[in-house]
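Visitor: Dropping the structure in here first, questions after.
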Amino acid sequence: MKPMAWVLAGALGAASGLAAAEADDAKRVFSLASPSVVTVRTEDDKGVVEGQGSGVVVVAQRVVTNCHVIENAPVIRVFVGDKGLPAIWLRRNAIQDLCLLQVDGLAAAPATLREGAVPRVGEPVFAVGNPLGFGLAVSAGLVAVGEQAQPYPYLVSTAPQSPGSSGGGLFDREGRLVGVTRAILGTGQNLNMAMSAAGVAALLGGGDAPPAPVVVPAPEKPWLPEAEPLIRSEDWGALETHARAWIVAQPGSAPAHATLGQALLRQQRLPEAEVALRRALEIDPFFFWAWAHLALVQYSRGEPEAAEVSLAKADAIHPMNAETAVRRAEWLRGQQRLEEALVHAKEAVRRAPGRAPAWRLLGQIEDELGRHQDAARALAAAARLGDVDAVARGRLAELYAQSGKVDEASRLSAAAEGGRREQGRTQLVLGLGELKRGRLGPAEEAMRKATALAPDLADAWSGLAAVLMRLGRPLEAEEAGEKAVALAPANAETRANRAGIRLELNKLPAAIEDAHRAVELDPKSHHGWRMLSLAYLKAGKPREAAMAYQKLDGLVSMTPDELVSWAEAMIGTGNPDQALVILRRAEAADPKLLRMCLTTAKALGAKGDPAGALAYEERALVIDPVNVLAWSGKGYALMKLGRLSEAIEPLETAVRLDPNIANAWINLGEAQLRSRNLGRAIQSLEKALTLSPTAQDARYYLAQAYLGARLPRKARENAQTLLEKQPGAAPVMTLLVLSHLMENNIPAAAEAYLQLFARAPESARKLRGQAVSSGVAAARDWPE
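Counting in my numbering, the sequence shown runs from 460 upward without gaps.
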């Protein structure tokens, strides 16, 4: 071992902010104290190094160190530079973890013990030891806690320490020994315990005899190596048998009892597991894995506080072991305290950056928090480190595909191993990625491979249905959707997907049934509520559609287009005011949305505001100058404003742009009727009825036009057709009476009048007065 002496105060002065004087103090103390500080190394009987710490020469050829540095060591050697000398364990003070060694031939000068006044809080102190085995080093700090008498003399300083510093010296500015460093306090920030000089002085005066010398036993069965494959294969019964045989052979072996505890824990025999683990800790209170497994037992028994105490003890033993951080992260994740779990998962990765399971856990928590990019990075790190977890690798491929990195997803999938179902899920992931990129051919190919590899995978059939819908093949999509639902009848997403297909095929009752089932299965299914809203709207059930849209609005941020559809449903329920409130939200999100302008015009028209409607129709024409509905709506609004001469032109433009829109012909016919252009009105309204034979407003205006053109028989034919659909409609019955009067058929007119009088007396009286004033003498005999 080559000599290596680092003066950390000088090397790290800039980073730690030490003043030049403090750096000089550290150099001076190092020069005074380092000749008395040695390295203590433990070896097995074959000379293989087992551990390393530090020690302080306190009298000639005698060294004080921590007992935990040398316990159970067959061979102890003390080094000054690269020269090593054998050491003998003389005596110990176990409660203070202080042991005295005899080192014959050791020429190092003893340290001077500080006597009299004990160090005060705030007094500078300097730790000299061999941290991490790199060589003697010094670190500076202050006394944080003055000397405590109970349960034994110790003090606490802020002088930084690392593994390997144990047993080194803590010195004052004059280079006098004030304590022997022992442990890093895990609950503090850079707080370190040292056994005070009083304890060293007491040990020089007397102490307990060391334990009996370690007798190197005959070669034993390799119990631990033989246990490892049983643990990897999770053969807990065989592991229990092995551990019990191990205990018979080595009843004082802490690892044997801990291994039995692990086997019993995995078999859910928790009380027995706790007994075994506590026996291991009786044998070795510093056995990290026993504390870690005891924490698992306690947590499984519903004792989280006790489990945390055990983890804290494990942390104190091995502060950089990732296992405790992993356990905390897993427990918090199970409680859905994901943000807290994330903190511990990141700590696990910090402690063990080369451990694949830690990265996997971090990625899974990031994924559950919706931070998919961060999740992909963590899962990719796990994969690079050799993580073989098929679920994690599959999710990474899915994240790659969803983000458009289909090539990366393909490479990951090609390298993956697994059965046909795993391969099928991989193809599903690739198909979804291709679908997102708009590459429908490769998407269909991947989905069909997925269904061939895993024909029982409902998601694969549902994905194939989605691709086929995009390809404009709804009948094939319906077949795939049927298979998806048959495989997963209680899956809300597959139900919602099939509802969308049936909606496209205009199978409205079936679509409503599927969407209803989807939201029953998952009341928070966005897709289900969307399909239900659209299906009700398309089925002409505005009230139900409005209720579904209201539910959707409570779950997601609705798109402007969805808000417009909701408003259309509200108009259908006769609530234009509420529709306008919803439309204002859509307008704020997208003021140039054509549907928003047209539907707002419709709502304003229903509210009796034709001027407001006209403004939105004109906005729609700025967005789309050839929109038929906007031209028709503009003409209608002008007509309602009494601007008949201006209304004709936009209405004629509408029917020229698309002569197959019945509503445009109806509006044009009404405008012509009001303008007394009866021939053109009749032509327009007859055209409207060829396009929409059930349009009752078109037939009513046509009856009026025929009556105005003095064609009473034609007027009467249309009126009678209307009465078949609307028996007793007073305006239509009035037209019927007038058609008979125009033919001077007084008896028929009287009969029709009596029917009108029975249905609508006020309308009948008004008609009678008009007939009398027009010279129909017989009308005087009609009842009033």
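For each residue, glycine too, the CB sits at the ideal point set by N, CA and C.
What is the C-beta distance between K1096 and E1111, in whole angstroms, given that I count them as a contact (C-beta under 8 Å)?
Guide: Before going further, note that residue 1096 is Ala rather than Lys in the sequence given. With a Cβ gap of about 15 Å, A1096 and E1111 do not count as contacting.
Visitor: To the nearest angstrom, report how far apart T571 and S495 are at their CA atoms.
Guide: 9 Å
Visitor: Would you mind stating whether D694 and R641 have Cβ atoms separated by less than 8 Å?
Guide: Not a contact, by the Cβ cut-off of 8 Å.
Visitor: Is L477 helix, strand or coil when you go by DSSP?
Guide: Caution is warranted here: a pLDDT of 45 is assigned to L477, below 50, making its placement in the model unreliable, and the coordinate value is therefore given only provisionally. If DSSP states are grouped into helix, strand and coil, L477 belongs with coil.
Visitor: Applying the 10 Å Cβ sphere with the 16-neighbour rule, what's the burial state of M463?
Guide: Interpretation of M463 is limited by its pLDDT of 36, a score under 50 that renders its predicted location unreliable; no figure is taken from the coordinates.
Visitor: For Q1163, name the three-state secondary structure that DSSP assigns.
Guide: In the structure shown, Q1163 sits in a helix (DSSP, three-state: H, G or I).
Visitor: For a quick check, are the C-beta atoms of L991 and I960 less than 8 Å apart?
Guide: No, these two residues do not count as a Cβ contact at 8 Å.
Visitor: From G638, G540 and L797, pick the residue whose C-alpha is nearest to that of A661; which is it?
Guide: G638
Visitor: What are the boundary residues of the beta strand (DSSP E) that W548 is part of?
Guide: It spans I547 to N552 - the beta strand (DSSP E) in which W548 sits, taken as one unbroken run.
Visitor: For the putative contact between S616 and V602, defined by C-beta atoms under 8 Å, what is the C-beta separation to the nearest angstrom?
Guide: 6 Å
Visitor: What's the gap between the Cα of N1086 and the Cα of A1113?
Guide: 8 Å
Visitor: Considering only residues of the same chain and omitting the five flanking positions on each side of N1119, which have a CB-CB separation below 7 Å?
Guide: L1150
Visitor: Measuring only the C-alpha atoms, how far is Q609 from A657?
Guide: The alpha-carbon separation between Q609 and A657 amounts to approximately 13 Å.
Visitor: Please determine if the segment 690-704 and the segment 718-730 are in contact, where contact requires at least 3 C-beta pairs separated by less than 8 Å.
Guide: yes
Visitor: I need the straight-line Cα distance from L770 to E798, nearest angstrom please.
Guide: 20 Å
Visitor: So, does the CB of V1114 fall closer than 8 Å to a CB anywhere in chain C?
Guide: The displayed structure is made up of one protein chain only, and chain C is not part of it.
Visitor: Leaving aside the five residues before and after V577 along the sequence, list all residues of the same chain whose C-beta is less than 6 Å from its C-beta, in chain order.
Guide: E606
Visitor: Who are the near neighbours of A697 in its chain, counting only those whose CB is closer than 8 Å to its CB and skipping five residues on each side?
Guide: L689
Visitor: Bridge partners for F630 per DSSP, in chain order?
Guide: F585 and L636
Visitor: Using DSSP with H/G/I as helix, E/B as strand and the rest coil, what is I824?
Guide: Collapsing the DSSP output to three states places I824 in a helix.
Visitor: Compute the beta-carbon to beta-carbon distance between A851 and A841, rounded to the nearest angstrom, for a pair I have assumed lies under 8 Å.
Guide: 6 Å
Visitor: Can you tell me the Cα-Cα spacing of R1133 and A1168, whole angstroms?
Guide: 13 Å
Visitor: Output the distance between the C-alpha atoms of P710 and E685, rounded to the nearest integer angstrom.
Guide: Roughly 17 Å separates the two Cα atoms.
Visitor: Please say whether G1128 and P1109 have beta carbons closer to each other than 8 Å?
Guide: Between P1109 and G1128, the C-beta gap is not smaller than 8 Å, which leaves the two residues out of contact.
Visitor: With N1204 as the anchor, note down where its beta strand (DSSP E) starts and where it stops.
Guide: That residue, N1204, is in no beta strand (DSSP E); it is neither H nor E in DSSP.
Visitor: Please report the distance separating the alpha-carbon of Y1212 from that of A1188.
Guide: In a straight line, the C-alpha of Y1212 is about 13 Å away from that of A1188.
Visitor: What do you reckon, are the CB atoms on W1124 and A1147 nearer than 8 Å?
Guide: Yes, the Cβ-Cβ distance between W1124 and A1147 is below 8 Å.
Visitor: Looking only at C-alpha atoms, which of A735, A1062 and G1138 sits nearest to A749?
Guide: A735
Visitor: Here's the rule I'm using: 16 or more other beta-carbon atoms within 10 Å means buried, otherwise exposed. How should P714 be labelled?
Guide: buried
Visitor: Can you tell me where the alpha helix (DSSP H) holding T1180 begins and where it ends?
Guide: Looking at the DSSP string, the run of the alpha helix (DSSP H) that includes T1180 is P1171 to K1184.
Visitor: Given a threshold of 16 other Cβ atoms within 10 Å of its Cβ, counted over all protein chains shown, does L1022 qualify as buried or as exposed?
Guide: buried
Visitor: Which same chain residues end up closer than 7 Å to A939 when comparing Cβ atoms and leaving out the 5 residues on each side of it in sequence?
Guide: Same-chain partners within the cutoff: W920, L923, A924 and L927.
Visitor: On the CB-based measure, 16 or more other CB atoms within 10 Å of its CB, does K1247 come out buried or exposed?
Guide: Outside the displayed range of the chain (460 to 1243) lies residue 1247, so it cannot be described from this structure.
Visitor: Do A1070 and the ligand GDP come close, with the Cβ less than 7 Å from some heavy atom?
Guide: In terms of ligand content, the structure shown is empty, and the ligand GDP therefore cannot be addressed.
Visitor: Are L560 and I547 close, meaning C-beta to C-beta below 8 Å?
Guide: yes
Visitor: Short check: CB of F585 to CB of A618, under 8 Å?
Guide: yes
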